[in-house]
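Data block below; observations after.
Protein chains: 2
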Amino acid sequence: MAEETLTISDRIQHKLDDLTRAERQLALSILENYPASGLGPLTALAKDADVSVPTVARMVQKLGFKGYPEFQSELREELRAKAKNPIAKHDTWAEAAPSGHMLNRFTDAVIDNIRHTLGQIDPAAFDAACALAGDADRHLYIVGGRITHTLAEYLFLHMQVIRPNLTHVQSTSNSWPHYLLNAGKGDVFIIFDVRRYENNTLKLAEMAHARGAQIILFTDQWRSPVHQLATHSFSSRIVVPSAWDSAATTMLLVETMVASVQNLHWEGTKARMEELEEMFDQTRLFRKFT
Amino acid sequence: MAEETLTISDRIQHKLDDLTRAERQLALSILENYPASGLGPLTALAKDADVSVPTVARMVQKLGFKGYPEFQSELREELRAKAKNPIAKHDTWAEAAPSGHMLNRFTDAVIDNIRHTLGQIDPAAFDAACALAGDADRHLYIVGGRITHTLAEYLFLHMQVIRPNLTHVQSTSNSWPHYLLNAGKGDVFIIFDVRRYENNTLKLAEMAHARGAQIILFTDQWRSPVHQLATHSFSSRIVVPSAWDSAATTMLLVETMVASVQNLHWEGTKARMEELEEMFDQTRLFRKFT
DNA sequence: ATCCATGTGTGATAAATATTTCACAATTGT
DNA sequence: ACAATTGTGAAATATTTATCACACATGGAT
Chain A
1253 MAEETLTISD
1263 RIQHKLDDLT
1273 RAERQLALSI
1283 LENYPASGLG
1293 PLTALAKDAD
1303 VSVPTVARMV
1313 QKLGFKGYPE
1323 FQSELREELR
1333 AKAKNPIAKH
1343 DTWAEAAPSG
1353 HMLNRFTDAV
1363 IDNIRHTLGQ
1373 IDPAAFDAAC
1383 ALAGDADRHL
1393 YIVGGRITHT
1403 LAEYLFLHMQ
1413 VIRPNLTHVQ
1423 STSNSWPHYL
1433 LNAGKGDVFI
1443 IFDVRRYENN
1453 TLKLAEMAHA
1463 RGAQIILFTD
1473 QWRSPVHQLA
1483 THSFSSRIVV
1493 PSAWDSAATT
1503 MLLVETMVAS
1513 VQNLHWEGTK
1523 ARMEELEEMF
1533 DQTRLFRKFT
Chain B
1253 MAEETLTISD
1263 RIQHKLDDLT
1273 RAERQLALSI
1283 LENYPASGLG
1293 PLTALAKDAD
1303 VSVPTVARMV
1313 QKLGFKGYPE
1323 FQSELREELR
1333 AKAKNPIAKH
1343 DTWAEAAPSG
1353 HMLNRFTDAV
1363 IDNIRHTLGQ
1373 IDPAAFDAAC
1383 ALAGDADRHL
1393 YIVGGRITHT
1403 LAEYLFLHMQ
1413 VIRPNLTHVQ
1423 STSNSWPHYL
1433 LNAGKGDVFI
1443 IFDVRRYENN
1453 TLKLAEMAHA
1463 RGAQIILFTD
1473 QWRSPVHQLA
1483 THSFSSRIVV
1493 PSAWDSAATT
1503 MLLVETMVAS
1513 VQNLHWEGTK
1523 ARMEELEEMF
1533 DQTRLFRKFT
């Protein structure tokens, strides 16, 4: 139960009555633009609140801090905590499980990854990338590595329904140079490369780039070296409590891209989907819906 | 347009390419819990990012600040401005995009899916499933369908490092009956089946079940018919604003399972991972870390 | 394989700032 | 007028910042 839910702001307000005139003036000034002003030097705060330096020093100790540095440090800690969970309602996700259960720890990390990742994405770049990916006049190559080829294939399977003229390339295979023979200016490569970044993928990207193709890169927070060649690159945070990295956030981006591209060409997509349905019916691949 | 819209966060990201390895590490650490960590003393920041003091000093100047104090002061100014501005909408994920943007709509849906899915999972069943999946005495078959085989393979690739004695089966291939010849009592099948549920997958599940194998099923909220044969089944919510369903939540469950199983057998996994690393080094598949 | 340029950490140090505390005078309200 | 509060100016301390020289590692080039 060591959980300290009292913010410094709360503590100040609570003590407001015990403070003297100048101290109250100072306290209110701190609350005025909280917490920024408390994070500057003591002198600046004093001038800002129009009180003297000793008044600040006195009040901070009156509030129970050992000194101004400690006060600041706790303010920062509070800020940290606040930035971490703006939607902290769900401290557990699998409510039946203890909060230390892997289900909750892992999900926490993934949600956090999503938040960080989305916060850093430039929507204009994303839209531009979707437009490129949806342009059927350009041949689209989708490239994945040892692990990421599963994501690449997932994207490929969906894009296949949306548009023609695309190829799935696995950078770890030794057949990819053949594909590049036909690639050229105006074509688009969607490349997946997360750590550990693969040599083959980089080589492939270099060749594609040399031929004038555009590159859309999905990578991680440390960014594959391919990003220097890429027209658009999107980096996901991928850290989770595991010996491996998480692909969930990248998957989210991929699916969002599919949804966006599909929106751009809804008429065509619809027709293609219906054709596909019909073919599935004929092959009896799926169960009739019951 | 005297409006200074460039946040320090933006500036850092923009300059990310010009930074060296240690500097980038520092920059990412700053962004990690922004802006709190940048408001503490330089020394603390250096320790936090695990870089040396001069590195911090060098980088802030590289970013165009006269010194660390100036950097901090601008950070505080930014925080002040942000707190003043009431248009801090926390209901969007990609803050730069309008709330109606696909990035935000899609992410909303996925988070919602995760919440619903996790809320309905029985942790005991999950743990039991992980124990089964980690039991190297039982042969493990991982089965996916037309789309889901990408998830199946993702799971397979990771489990392969954790334990021996496993096979990836694609239910849409016509070679799967051969695999079943060897399957028997005590073996485990992890099966992925989401709508539209595949006939082949059901048949495979029936045969596996008839031979006394245990089945762990990953399916969607409407549950594949396989669930009647399954020892444990986990259903994800998969609805998103798209013509397709989302696999992101299922991916989350899969990754969590990998992390859990890995925990059960950490010693063995560690040894296998090190062997794998060594083999990778020899094949030069990956770039050395720069 | 060897060498070189680059980047990085260490430890030390000087300079700059910040904090804390004094004593005392000025102010204020009672 | 008294007691409490506050500001002033200053000084002592403590901390922080900015550099430096140097050793060491690394990756790339020859």
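Protein chains in written order, with this note's numbering: chain A, 1253 to 1542; chain B, 1253 to 1542. Beta carbons are placed, not taken as given, at the ideal position from N, Cα and C, and that holds for glycine.
The C-alpha of I1373 (chain B) lies about 20 Å from the C-alpha of R1447 (chain B).
Rounded to the nearest angstrom, the gap between the Cα atoms of G1520 (chain A) and V1413 (chain A) is 9 Å.
Partner residues in the beta bridge of Y1393 (chain A), as assigned by DSSP, are A:T1419, A:F1441.
P1429 (chain A) counts as exposed, since fewer than 16 other C-beta atoms from the protein chains shown sit within 10 angstroms of its C-beta. Per DSSP, the beta bridge partners of S1485 (chain B) are B:L1469. Counting only residues of its own chain and dropping the five nearest sequence neighbours on each side, A1385 (chain A) has a CB closer than 6 Å to the CB of V1513. In this structure F1441 (chain B) is in contact with A1460 (chain B), their Cβ atoms being roughly 5 Å apart against a cut-off of 8 Å.
For A1301 (chain B), the uninterrupted alpha helix (DSSP H) segment begins and ends at 1294-1301. Under the 8 Å criterion on CB atoms, P1429 (chain A) is classed as non-interfacial with respect to chain B. Neighbours of P1493 (chain B) in chain A, taken as residues at a C-beta separation under 8 Å, are given in chain order as A1511. A Cβ of chain A is located within less than 8 Å of the beta carbon of F1358 (chain B).
Its Cα nearest to that of V1506 (chain A), the residue A:I1366 stands out among A:I1366, A:V1312, A:V1478, A:L1331.
Interface annotation, N1426 (chain B): not in contact with chain A, CB-CB separation never under 8 Å.
Between L1418 (chain A) and H1401 (chain A), the C-beta spacing is not below 8 Å.
Residue environment for P1287 (chain B): buried (at least 16 other C-beta atoms within 10 angstroms of its C-beta). A Cβ-Cβ separation of about 4 Å places S1281 (chain A) in contact with A1301 (chain A) under the 8 Å criterion.
DSSP places I1490 (chain B) in the coil class of the three-state scheme, outside both helix and strand.
Contact annotation: the stretch 1402-1409 of chain A touches the stretch 1497-1511 of chain A, with at least three C-beta pairs closer than 8 Å. Interface with chain A (8 Å Cβ-Cβ cutoff): T1272 (chain B) is excluded.
DSSP, reduced to helix, strand and coil, places W1496 (chain A) outside both helices and strands of the structure shown, so it counts as coil. The C-beta distance from I1468 (chain A) to A1482 (chain A) rounds to 7 Å, short enough to fall under 8 Å. One finds L1504 in chain B with Cβ atoms closer than 7 Å to the Cβ of V1362 (chain A), taken in chain order. Along the stretch 1316-1338 of chain B, the positions whose C-beta sits under 9 Å from a C-beta of chain A are P1321, Q1324, S1325, L1327, R1328, E1329, E1330, L1331, R1332, A1333, K1334, A1335, K1336, read in chain order. Counted as a single uninterrupted DSSP element, the stretch harbouring R1463 (chain A) is not any alpha helix (DSSP H), since DSSP gives it neither H nor E.
Chain A places no beta carbon closer than 8 Å to that of M1311 (chain B), leaving this residue out of the contacts. Closest option to G1290 (chain A), judged by alpha-carbon separation, among A:R1273, A:E1329, A:D1270: A:E1329.
Those residues of the stretch 1361-1389 of chain B placed with their C-beta closer than 8 Å to a C-beta in chain A are V1362, I1363, I1366, R1367, L1370, G1371, I1373, D1374, P1375, F1378, ordered along the chain.
In the structure shown, I1373 (chain B) falls within a coil segment according to DSSP collapsed to helix, strand and coil. In this model, V1312 (chain B) and A1309 (chain A) are separated by some 30 Å (Cα to Cα). At a cut-off of 8 Å between C-beta atoms, Q1473 (chain B) does not count as an interface residue with respect to chain A.
Counting only Cβ-Cβ distances below 8 Å, S1485 (chain B) has no contacts in chain A at all, with the closest Cβ about 16 Å away. Per DSSP, reduced to three states, the secondary structure at Y1320 (chain B) is helical. Judged by DSSP secondary structure, W1474 (chain B) falls outside any alpha helix (DSSP H); it is assigned neither H nor E. In this structure, D1445 (chain B) sits near T1471 (chain B), with a CB-CB distance shorter than 8 Å.
Following the DSSP letters along the chain, one finds A1279 (chain B) inside the alpha helix (DSSP H) bounded by residues 1273-1284. Nearest to D1364 (chain B) by alpha-carbon distance, out of B:V1492, B:E1526, B:M1531, is B:V1492.
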